[in-house]
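Working notes, structure below.
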Amino acid sequence: MPSAIEDIEDMVSFDDPTLHERQSARKSIIPRSRKKKELLSNEELHTDSLIPGTQKIWMKTWGCSHNNSDGEYMAGQLAASGYKMTDDPTQADLWLLNSCTVKSPAEDHFRNSIKKAQEQQKKVVVAGCVPQAQPRMDYLKGLSIIGVQQIDRVVEVVDEAVKGHSVRLLGQKKDGGRRLGGARLDLPKIRKNPLIEIISINTGCLNACTYCKTKHARGDLASYPIEELVERARQSFQEGVCEIWLTSEDTGAYGRDIGTDLPTLLWKLVEEIPEGAMLRLGMTNPPYILEHLEEMAKILNHPRVYAFLHVPVQSASDSVLMDMKREYCIDDFKRVVDFLRDRVPGVTIATDIICGFPGETDADFQETVELVKDYRFPSLFINQFYPRPGTPAAKMEQVPAHVKKQRTKELSQLFHSYNPYDHKIGERQHVLVTEESFDAQYYVAHNKFYEQVLVPKRAEFKGMMIEVDIYEAGKHFLKGRPVEDSKPFTPSIAAPLQKGEVSGLIEEHIANGIQAASRPSSSVVSIGSYTLDREVLKKLGIGLTLVAAVLAFIVEKLY
């Protein structure tokens, strides 16, 4: 059984390089790809080799888009360091399991995956909210852990796990005593979808909901500076992305810890969005969006922002909301929805409801039923309450299991009793095509209101803004027929990366930066992380080709 080590710096063995030697050799500024020309043959090293960086890794992520973003960053750093990411768990030497602690079933899947990996003699590294919140759980004993704010050190942890060591990095990122949003945003990543960039704008929240386990893992609010988020968006567009998702535990609280706010960030980001590309806002709780309603309505009406907002209500009973410590009443929620529906015609409001929270009476539940009847939410996430260990709600008197199940069933039946999109049939819409449907029969696009529109699976449509006529509506989708005389529009300013390709490496920065700089409207030349004034270059008689050649030469020599 490998020994448990609290942090990687605590471990020293005779054969290992010193910490100084390791850090110097790793060149920690930007990880690089292992160049094919450095290999002496096409043969792969044996998978039982203990040389870190030669193994195959399978990664599984559960949970929210924030967790998915963390997973993309971890995959990118591992691939850039030489590890091979595989979609086949049986072929992998190591399983990296990125967990979610919101619901008991998600943690059960995580725990079962650990057991399955161990039965197959796979090495295991765990990440995400479960081990961050409860690192001393019995089933995590002896496993290496990557904390939610330590994902920039995933290569170090995997290196040590490959060698049989157990390493746990659970610390917080701080600057002068102030907690930071997390790891750097310019790290290499492998986007699950090369057309979609997920950007975490902050971590943690300002609430203390009695049912929430995520708070134990993500902590209090910590926001990224606006300039770092804008730069990340800019780089993403230079890599062919045409849709950006903003995510966090509560986007509405963004900036309160650093003296700014969400609308200020959004207006800055909107300036960077190319024509035809789109921005999607993440979940926001009612308390922190109330004071920004006027500005939020203006932003949601912007042609390059989806008129979509996810605002969880959880219950329509003020008594239950008080027991949940949600810090708003049902009238606050209604004010948010009513205001946005009035000022943003057609806006999609998605919400969440918990059925069977401790102390919820039949009368409380009926208030929630009436809310759904009145508002007929087109997107509704219904969750049966699961007590999470260590939360105040777990100690409250529980609603009987059969009652929770019945209430969940009743609300689900109500939700499926109405069709929110029937009135859309016959409309002509512009939609952005970004994904493939689960059954692989269609491409998935979204209209201005982030409603899912299925379109014919033609290769030329992927990543395009196209015009369609809506001819069919289902409970969760529309179907669109492409308008014959309409030409697809390309929103991307550069060719998208290939699936599995690493984002954020210097070589890609240079190539994509040159392409972006050729746009006539740009007053600056962006090459990698360098920004140069176009007029200054012109006066000095320096062309883009020369700048690119010099930087490419430097990169080749250094890496």
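Every position in the sequence shown, counted from 1, becomes a number in the working numbering once 10 is added.
For each residue, glycine too, the CB sits at the ideal point set by N, CA and C.
Predicted model, so just to flag it, every value in this text is computed and none were measured.
DSSP places I61 outside any alpha helix (DSSP H), giving it a letter other than H or E. The three-state secondary structure of V409, taken from DSSP, is coil. In this structure, the alpha-carbon of P430 lies about 43 Å from that of V135. Separation of I236 and Q130 (C-alpha to C-alpha, rounded to the nearest whole angstrom) is 45 Å.
As far as DSSP is concerned, E370 takes part in no beta bridge. The residue among E170, M406, R189 with its C-alpha nearest the C-alpha of G366 is M406. In the three-state scheme derived from DSSP, where H, G and I count as helix and E and B as strand, P466 is classed as strand. With a threshold of 16 other beta carbon atoms within 10 Å, L106 meets it and is buried. Nearest to F487 by alpha-carbon distance, out of L291, F448, D97, V463, is V463. Excluding the 5 residues flanking it on each side, L303 has same chain C-beta neighbours closer than 6 Å at F349, in chain order. Residues T361 of the same chain have their beta carbon placed closer than 6 Å to that of F387, with the five preceding and five following residues left out of the count. Between I124 and A137, the C-beta gap is not smaller than 7 Å, which leaves the two residues out of contact. Nearest in C-alpha terms to Y452, of all of S422, A102, R491, V177, is R491. Using a 10 angstroms sphere on the CB of Y460, the tally of other CB atoms reaches 16 or more, which defines it as buried.
The beta carbon of K173 is closer than 8 Å to those of L60, P62 in its chain, skipping five residues each way along the sequence. The residue from I208, P99, H226 with its alpha-carbon nearest to that of G214 is H226. For the pair A85 and C222, the Cα-to-Cα distance works out to about 28 Å.
Secondary structure at V441: strand, using DSSP grouped into helix, strand and coil. When DSSP states are grouped into helix, strand and coil, L310 belongs to the helix group. When A127, L180, F391 are compared, the shortest CA-CA separation from V158 is found for L180. The closest CA to that of L195, considering only K184, S176, T371, D162, is found on D162. The beta carbon of F120 sits closer than 7 Å to the beta carbons of W72, L107, S109, V140 from its chain, once the five residues preceding and following it are set aside; these are given in chain order. Distance from the CA atom of F375 to the CA atom of G191, rounded to whole angstroms, is 37 Å. Short of 8 Å from the beta carbon of Y149, and not among the five residues preceding or following it, lie these beta carbons of its own chain, in chain order: R121, I124, K125.
At a cut-off of 3 residues, the continuous stretches assigned as beta strand (DSSP E) that sit fully inside the region 479-505 are 488-492.
Counting only the Cα atoms, L381 lies some 44 Å from G510.
In this chain, the beta strand (DSSP E) harbouring E207 covers 206-210. In the assembly as shown, R228 is a buried residue. Its beta-carbon has 16 or more other beta-carbons within 10 Å. Inclusion of K335 and C219 in the CB contact set at 7 Å is warranted, their separation being smaller than that value.
Remark: fewer than three beta-carbon pairs, one from each stretch, lie closer than 8 Å, so the region 317-325 and the region 275-286 are not flagged as touching. One Cα belongs to I200, the other to E249, and the distance between them is close to 12 Å. CA-to-CA, the gap between K113 and V493 works out to about 43 Å.
Around K415, the same chain offers Q394 as residues with beta carbons nearer than 7 Å, after the five sequence neighbours per side are excluded.
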